[in-house]
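Input: a single structure, listed below in structure tokens.
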Amino acid sequence: MSQFHLIDHPLITHKLTIMRNKKTGSKDFRELLNEISMLMGYELTRDLPLQDVTIETPITKMTAKMVSGRKLAIVPILRAGLGMVDGIQSLVPVAKVGHIGLYRDPETHQPVEYYCKLPSDIQDRLVILVDPMLATGGSAIDALTLLKNKGCKNIRFMCLVAAPEGVAKVLKAHPDVEIYGAALDDHLNDHAYIVPGLGDAGDRIFGTL
Ligand code: PRP
Ligand code: URA
2 MSQFHLIDHP LITHKLTIMR NKKTGSKDFR ELLNEISMLM GYELTRDLPL QDVTIETPIT
62 KMTAKMVSGR KLAIVPILRA GLGMVDGIQS LVPVAKVGHI GLYRDPETHQ PVEYYCKLPS
122 DIQDRLVILV DPMLATGGSA IDALTLLKNK GCKNIRFMCL VAAPEGVAKV LKAHPDVEIY
182 GAALDDHLND HAYIVPGLGD AGDRIFGTL
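Written out as structure tokens, the structure reads:
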């Protein structure tokens, strides 16, 4: 049974507090999201398998360990997920990147799909789906369903701030997917925004407030 993993390293929590502050502008917001994504990516890839390789140091031959052939794909949910790609890709430069475009209808709060471009061998990769906000869970559920329809069997979902309602819905719809987040907030407001949250992540990243 999968679960929500809270990654509450003090540096992540500290940076997230700066992001939550409404006085923090887009440039700092983007930089902090990038830094947190790298720190979270480090945790999320902790169990990647290693394999023995033979190399030669300047002194002698040795058998050392490297990450084995497991291929990764990072898939951001547009727009806000884009802000999390670089941080993870700096850790795993060979990871391929796919894109899923979803926006929440402002009235119904239901996700609407408008774009999908994934690596052709996505089904053979460990997929890290990224989106800073897990609110009602609708966007994550649809993105995960789409990935599974493309044959993906091994998917992790990484967000920054999650609402308990959304976490419960995603875990119910996709019990095989582990969720990683930097904070589990209190609740959703009448507009399905996370409280206390950080506002609209896409607008804060791209300055479209
Ligand atoms: C935000 C966020 C998630 C979604 C979360 O995107 O980045 O994708 O809302 O809400 P949910 O859990 O209730 O589905 P938004 O729809 O605002 O699109 P944007 O990133 O293009 O601004
Ligand atoms: N999307 C956001 O960007 N923020 C929220 O609080 C909820 C959905």
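For the record, in the sequence shown the residue sitting at position 110 is 111 according to our numbering, with numbers rising by one throughout.
The C-beta atom is built at its ideal place from N, Cα and C for all residues, glycine as well.
Who are the Cβ neighbours of residue i in its own chain at under 8 Å, not counting the five residues just before and after it?
i: A1; result: As shown, the chain starts at 2 and ends at 210. That puts residue 1 outside it, with no answer to give.
i: L147; result: I101, E114, C117
i: I19; result: T25, D29, L33
i: V86; result: S38, I75, P77, V98, V131
i: K23; result: G200
i: G152; result: I123, Q124
i: A193; result: R105, H110, A136, T137
For residue i and residue j, which I take to be in contact (beta-carbon distance under 8 Å), what is that distance rounded to the nearest angstrom?
i: I78; j: D132; result: 4 Å
i: D9; j: A183; result: 7 Å
i: A202; j: M134; result: 5 Å
In the DSSP output, what is residue i paired with across the bridge?
i: D53; result: K66
i: I129; result: I75, R157
i: A184; result: V162
i: H10; result: Answer by DSSP bridge pairing: none, since H10 is not bridged.
i: V113; result: Y104
i: E179; result: R157
i: M134; result: V162
i: F5; result: I180
i: L40; result: The partner list for L40 (beta bridge, DSSP) is empty, contrary to what the question assumes.
Rounding to the nearest angstrom, what Cα-Cα distance links residue i and residue j in this structure?
i: D106; j: V171; result: 19 Å
i: T64; j: V54; result: 6 Å
i: Y43; j: L92; result: 7 Å
i: S3; j: G167; result: 14 Å
i: L17; j: I37; result: 8 Å
i: L12; j: L40; result: 9 Å
i: A174; j: E57; result: 49 Å
i: F5; j: D48; result: 16 Å
i: Q90; j: T61; result: 32 Å
i: E108; j: K66; result: 52 Å
i: G208; j: G200; result: 12 Å
i: P197; j: K149; result: 32 Å
i: R205; j: G82; result: 12 Å
i: L103; j: A144; result: 8 Å
i: G138; j: P59; result: 52 Å
i: T14; j: R31; result: 16 Å
i: D177; j: S27; result: 35 Å
i: P94; j: G88; result: 10 Å
i: L45; j: H110; result: 29 Å
i: R80; j: K72; result: 24 Å
Which of the three DSSP states, helix, strand or coil, is assigned to residue i?
i: K97; result: strand
i: P59; result: coil
i: Y194; result: coil
i: G170; result: Before going further, note that residue 170 is Lys rather than Gly in the sequence given. Reduced to three states, the DSSP call for K170 is helix.
i: Y24; result: What sits at residue 24 in the sequence shown is Lys, not Tyr. Correct three-state label for K24: coil.
i: K16; result: helix
i: K151; result: coil
i: L189; result: strand
Between residue i and the rest of its own chain, which residues show a CB-CB distance below 6 Å, the 5 nearest in sequence each way excluded?
i: L34; result: G84
i: R21; result: L199
What does a CB cutoff of less than 7 Å around residue i pick up in its chain, not counting 5 residues either side in sequence?
i: S69; result: P50, L51, Q52
i: I195; result: M134, A136, V162, A164, D186, L189
i: N155; result: L127, V128
i: L210; result: D204
i: L7; result: G182, L185
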